[in-house]
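Protein sequences, first through last, are from chains A and B. Under my numbering, the first residue of the first sequence carries the number 1, and numbering increases by one thereafter. Under my numbering, the first residue of the second sequence carries the number 394, and numbering increases by one thereafter.
Number of protein chains: 2
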Amino acid sequence: MPHAAAATPQLLRRVNAQAVLRHIRGAEVATGTELMALTGLTRASVIAVCEDLIGRGWIVELEPPGTNSEGPRKGRPARRFAFNREAGFVLGLDIGAATTTAAVADLRGTVVGRSSESFRAADIPAQERIGVIDRACRRALEAAGTDPSMVLAVGAGIAAPVDRDGNVLVTQRFWSLFDVGLRSALKELHGWTVLLENDANLAALGERWRGSGAGVDDLVVLLAGERLGAGVMESGRLLHGRGGAAGEMGYLDMVEGVGSSDGIAALARQWSAAGGGPSDGGAASAPRVFEDAAAGDPAALAILSRISERMARVIASIASLINPEQVVISGAVADSAGTLLPEITALLPRFTATPPRVTASPLGDAVVTVGAVRHALDYVEANAMELTLPARG
Amino acid sequence: MPHAAAATPQLLRRVNAQAVLRHIRGAEVATGTELMALTGLTRASVIAVCEDLIGRGWIVELEPPGTNSEGPRKGRPARRFAFNREAGFVLGLDIGAATTTAAVADLRGTVVGRSSESFRAADIPAQERIGVIDRACRRALEAAGTDPSMVLAVGAGIAAPVDRDGNVLVTQRFWSLFDVGLRSALKELHGWTVLLENDANLAALGERWRGSGAGVDDLVVLLAGERLGAGVMESGRLLHGRGGAAGEMGYLDMVEGVGSSDGIAALARQWSAAGGGPSDGGAASAPRVFEDAAAGDPAALAILSRISERMARVIASIASLINPEQVVISGAVADSAGTLLPEITALLPRFTATPPRVTASPLGDAVVTVGAVRHALDYVEANAMELTLPARG
DNA sequence: GGTATTTTAGATACAAGCTAAATATATTGC
DNA sequence: GCAATATATTTAGCTTGTATCTAAAATACC
């Protein structure tokens, strides 16, 4: 039986506290009167909610303001509430094949610690891999001047399909074994709740939060370095599909003028090598192609042109089926990809009736950790009234 | 300022009434004790909610049961509540280029009246078109033995992109003019609220409700007759994209082995004609191809084989990017399309790593009206506590 | 056929949360 | 110092819940 929890009067407090907390989180400081206007509650309720939130540790009451403060200068001074951004922290992990990066952020999402650890080899046992990840977390926390007990949630990105419940597709043998191990290990070691997600999906969260797609509800983010992967947001929600494989781009094998899901860096390297490499005989590499093109080298320019058309076709296929407002090219190549934007944008209408705005990410290779932090914060914010904050040490 | 409505005690009643109503709607009759178990509320609250719902007209209390009734035979007889399925009606419209079909359904979704009207010509003025649509509605209501005042909402499907707010893409000149006219005309004439949607999206709602995709949350429905169009549901929600163009299949022009967004019927006709038509010299047509293939005609079988591979590629491209659990082939050709399923299913793994289940719709060309009814009912159910029911005539 | 058992109904007491209105307090400006 | 102003606090009352107790209406048993 779907025993839908009955709505008791306590639900009202939960809802209103969420609303008040959301507003306080968004502002530097907030007064009762402001909160009344923003939430529609009466003063009595606002104050009661604030007292409640103070008791739970989410907000703090500030000292009476100095005379230099802004706002209405007349009348009795208002009580001032502020979000307690250091009531806890979240961890954002980018778990790659070779390296894991951990970022520690406070509850406003400001990154206050960061650490990267590399794996000894690609095929180390899961247990050792988890150890390395744990070390990255500890070092990042140390750098932030805090400790594991202050962590409220952990967002983690991996390069595999993850369904909406955070489970890895069972067919993905390697990751699915690893997945369970990681979650239970971090739960046991520190009591952390780990939220697993696909890395491209986290990139989408990151771009929408602090990147190029700020505030865009229908957004596609392409992780475009070695292998293309898409994080798709529709109406502000991440798309997962049945097994978390939404945004996979295997179909590109069938698309004319594309033919594979190779990313921008991979293509630049391949095509440069196929053409004999740079004119001075140096090794073919993606950065080199972009450099040469910037210097006016015709071979390099031709390669970028081919890449642009290819990307235009990729983006057009997504634009047709998903109809996003904007597509962000993200990942390690994002900086260089800016060069391609004018050509891609110009080509798009040839391939789709609904061309999106195309931009390059400003977040570089930090997108995934930024998105992982956002993912963890989303969880914390959604469950604020259910979580108990750690006592300040 | 986002003046988020404060949560007042009345919200609780709204929430609980919704829950109770949902359960009563799902059951033939419900007793207080059942509702207590299903909602988690106490008897006092359940009874209060039921009295409330009776007052608003959504449910009725039945007479004490005869001795032949099922359930516990001992103890004081329970008060019995039932959903008032005739408290109002909804209209589901399928507005095509040549014809409009209107279906009237009661609040349980049982179709109780139906009527089709054809347009005099394809290029008649909007005003006349609206008149024909209105006539279809009136006749369907008459057939149902009810009248316009009993209509709580109207779902309407058209073959153009419609965004989540029910607005037609401004670039779609014809439909966008028509859109505004239709809504305001039906509002003025009868006071109806018209919910416009893309026809493939409504097909998806229809299939998930009463068709082949019952209960599937990640579902794609292909309207596959003349021109391919997809209705995409992810996590139980319809995808629209920025301008409502999600599910458009223009990208198929670029897909190898596909090359256009022609539907099954169009292809069967074209390819049959290109091969000289049926062996007895008859006219090339889709039904004929399926007939001949059933009779063992090699040319017809070859055509169906080509169509199967093509559909497999189409479905694979969707499967890759969206990862649905199931894809339903729907529309007028759905009956015949059943033949193609084994071959499509067998081919799918060649084109995608995440092949969905593929089925044919049992709803025939009624899918869109069924989906339109569901769309209207969704609106009515979501707004039950805000709507006032018409007084019974 | 009366009595116990069972199941549901209805009534009473009370708690949580919100609104509304009256009263109190702290600050500025004259 | 006093009026004006903005905010804080208190008090009473409403809505909606829960919890608990008693009453009613049916069956089952002896």
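Just so it is clear, CB atoms sit at the ideal spot from N, CA and C, and this is done for glycine as well.
Flag this pair as yes or no: are the beta carbons of G506/B and A480/B separated by less than 8 angstroms? For the purposes of this step, residue 506/B is taken as the residue at position 113 of the second sequence. For the purposes of this step, residue 480/B is taken as the residue at position 87 of the second sequence. Result no, Cβ atoms of G506/B and A480/B do not sit closer than 8 angstroms.
Return no unless some Cβ of chain B is closer than 8 angstroms to the Cβ of S330/A. Your numbering for residue 330/A matches position 330 in the first sequence. Judged by the 8 angstroms Cβ criterion, S330/A is not in contact with chain B.
Euclidean distance between Cα positions of A372/A and E117/A: Translated into positions along the first sequence, residue 372/A becomes position 372. Translated into positions along the first sequence, residue 117/A becomes position 117. If you take the alpha carbons of A372/A and E117/A, they lie about 17 angstroms apart.
Report the rounded CA-to-CA distance for G244/A versus L740/B, giving the unit in angstroms. The sequence position of residue 244/A within the first sequence is 244, counting from 1. The sequence position of residue 740/B within the second sequence is 347, counting from 1. Distance between the alpha carbons of G244/A and L740/B is about 22 angstroms.
In angstroms with no decimal places, state the Cα-to-Cα distance between M394/B and T39/A. Translated into the one-based positions of the second sequence, residue 394/B becomes position 1. Translated into the one-based positions of the first sequence, residue 39/A becomes position 39. At M394/B, the pLDDT of 43 sits below 50, so the modelled position is not reliable and the matter cannot be decided from this model.
Between the beta-carbon of E641/B and the beta-carbon of S320/A, is there less than 8 angstroms? Counted from its first residue, the second sequence places residue 641/B at position 248. Counted from its first residue, the first sequence places residue 320/A at position 320. Yes, the pair counts as a contact, with Cβ atoms nearer than the cut-off.
What is the residue span of the beta strand (DSSP E) that E207/A lies within? Your numbering for residue 207/A matches position 207 in the first sequence. From DSSP, E207/A is part of no beta strand (DSSP E) but of the alpha helix (DSSP H) over 199-210.
DSSP three-state call for E779/B: helix, strand or coil? On the second sequence, position 386 is the one that residue 779/B refers to. E779/B falls in the coil class under three-state DSSP.
Would you mind telling me which residues of chain A sit closer than 8 angstroms to E627/B, beta carbon to beta carbon, in chain order? Here residue 627/B corresponds to residue number 234 of the second sequence, with the count starting at 1. E234, L239, H240, G241, A246, listed in chain order.
If contact means a Cβ-Cβ distance below 9 angstroms, which residues of the segment 198-215 of chain A contact chain B? none
Residues of chain A with a CB under 8 angstroms from the CB of A705/B: which are they? For the purposes of this step, residue 705/B is taken as residue 312 along the second sequence, with counting starting at 1. Those do not exist, as A705/B stays about 11 angstroms from chain A at its closest Cβ, beyond 8 angstroms.
Need the endpoints of the alpha helix (DSSP H) that T33/A sits in, please. Your numbering for residue 33/A matches position 33 in the first sequence. Run containing T33/A: 32-39, per the alpha helix (DSSP H) assignment.
Give the interface partners of R557/B over in chain A, defined as CB-CB distance under 8 angstroms, in chain order. Here residue 557/B corresponds to residue number 164 of the second sequence, with the count starting at 1. Those within 8 angstroms of R557/B in chain A are S235.
8 angstroms Cβ cutoff, L660/B in contact with chain A: Stepping through the second sequence from its first residue, residue 660/B is reached at position 267. Taking Cβ atoms only, chain A never reaches closer than 8 angstroms to L660/B, which makes this a no.
Use the C-beta contact count for Q719/B: other C-beta atoms within 10 angstroms, 16 or more gives buried, fewer gives exposed. Counting from one through the second sequence, the residue named residue 719/B turns up at place 326. Q719/B should be labelled buried.
Between A705/B and E34/A, what straight-line distance do the alpha-carbon atoms span, to the nearest angstrom? By 1-based counting over the second sequence, the position of residue 705/B is 312. By 1-based counting over the first sequence, the position of residue 34/A is 34. So the two alpha carbons sit approximately 58 angstroms from each other.
So which residues of chain B does S320/A contact, with C-beta pairs closer than 7 angstroms? Indexing the first sequence from 1 puts residue 320/A at position 320. Here the neighbours are E641, M642, G643, Y644.
With 8 angstroms set as the bound, which would you pick, yes or no: does the beta-carbon of M254/A sit closer than that to a beta-carbon of chain B? Along the first sequence, read from residue 1 onward, the residue named residue 254/A stands at position 254. Yes - at least one Cβ of chain B is within 8 angstroms of the one on M254/A.
Alpha-carbon spacing of P277/A relative to A284/A, whole angstroms: Translated into positions along the first sequence, residue 277/A becomes position 277. Translated into positions along the first sequence, residue 284/A becomes position 284. Sequence inspection shows Gly at residue 277/A; the Pro mentioned does not correspond to that position. Near 5 angstroms, if we compare the C-alpha coordinates of A284/A and G277/A.
Roughly how many angstroms lie between the CA atoms of E746/B and N776/B, to the nearest whole one? Counting from one through the second sequence, the residue named residue 746/B turns up at place 353. Counting from one through the second sequence, the residue named residue 776/B turns up at place 383. Correcting the residue type first, residue 746/B is Ala in the shown sequence and not Glu. Cα atoms of A746/B and N776/B: separation of roughly 41 angstroms, rounded to the nearest angstrom.
Leaving out the 5 sequence neighbours to the left and right, which residues in its chain are closer than 6 angstroms to G393/A when beta-carbon positions are compared? Walking along the first sequence from the start, residue 393/A turns up at place 393. Because G393/A sits at a pLDDT of 46, beneath the cut-off of 50, its placement in the model cannot be relied upon, and the point is left open.
Taking the alpha-carbon positions, what's the S628/B to V46/A distance? Position 235 of the second sequence, counted from the start, is the residue given in the question as residue 628/B. Position 46 of the first sequence, counted from the start, is the residue given in the question as residue 46/A. Answer to the nearest angstrom: the Cα atoms are 35 angstroms apart.
So, for L301/A: in the same chain, excluding its five sequence neighbours on each side, which residues have a beta-carbon less than 7 angstroms away from its beta-carbon? Here residue 301/A refers to the residue found at position 301 of the first sequence. Here the set comprises A293.
Tell whether a beta-carbon distance below 8 angstroms holds between A230/A and I318/A. Numbered from 1 along the first sequence, position 230 holds the residue referred to as residue 230/A. Numbered from 1 along the first sequence, position 318 holds the residue referred to as residue 318/A. Using a Cβ distance threshold of 8 angstroms, A230/A and I318/A count as a contacting pair.
Near-chain A residues of the segment 420-449 of chain B (beta-carbon distance less than 7 angstroms), N- to C-terminal order: A430, L431, T432, G433, L434
Determine the direct distance from the alpha carbon of A769/B to that of L486/B, and round the result to whole angstroms. Counting from one through the second sequence, the residue named residue 486/B turns up at place 93. Counting from one through the second sequence, the residue named residue 769/B turns up at place 376. So the two alpha carbons sit approximately 10 angstroms from each other.
Should V648/B and I708/B be called a contact, given that it needs their Cβ atoms to be closer than 8 angstroms? Taking the second sequence and counting its residues from 1, one reaches residue 648/B at position 255. Taking the second sequence and counting its residues from 1, one reaches residue 708/B at position 315. No, they are not a contact pair.
Does the segment 97-107 of chain A come within contact of the segment 15-22 of chain A, defined as at least 3 CB pairs closer than 8 angstroms? no
Use the C-beta contact count for S330/A: other C-beta atoms within 10 angstroms, 16 or more gives buried, fewer gives exposed. Start at 1 with the first residue of the first sequence, and residue 330/A comes out as number 330. So S330/A counts as buried.
Per-residue contacts from S701/B into chain A (C-beta, under 7 angstroms): For the purposes of this step, residue 701/B is taken as residue 308 along the second sequence, with counting starting at 1. Correct list: empty, because the minimum Cβ distance to chain A is about 16 angstroms.
Kindly give me the distance between the Cβ atoms of G604/B and V760/B, rounded to whole angstroms, as I take these residues to be in contact under 8 angstroms. Numbered from 1 along the second sequence, position 211 holds the residue referred to as residue 604/B. Numbered from 1 along the second sequence, position 367 holds the residue referred to as residue 760/B. Yes, they are in contact, since the Cβ atoms of G604/B and V760/B sit about 7 angstroms apart, within 8 angstroms.
Can you determine whether any heavy atom of the ligand HEM sits closer than 7 angstroms to the C-beta of S45/A, and answer yes or no? In the structure shown, the ligand HEM is absent, as is every other ligand, since no ligand is present at all.
At a CB-CB cut-off below 8 angstroms, which residues of chain A make contact with P717/B? Taking the first residue of the second sequence as position 1, residue 717/B is located at position 324. Ordered by position in chain A, the residues that pass the 8 angstroms Cβ test against P717/B are G241, R242.
So, is the C-beta of G650/B closer than 8 angstroms to a C-beta in chain A? Counted from its first residue, the second sequence places residue 650/B at position 257. Yes, G650/B counts as interfacial toward chain A.
Are the Cβ atoms of G608/B and A658/B separated by less than 8 angstroms? Residue 608/B sits at position 215 when you count from the first residue of the second sequence. Residue 658/B sits at position 265 when you count from the first residue of the second sequence. Not closer than 8 angstroms, so no.
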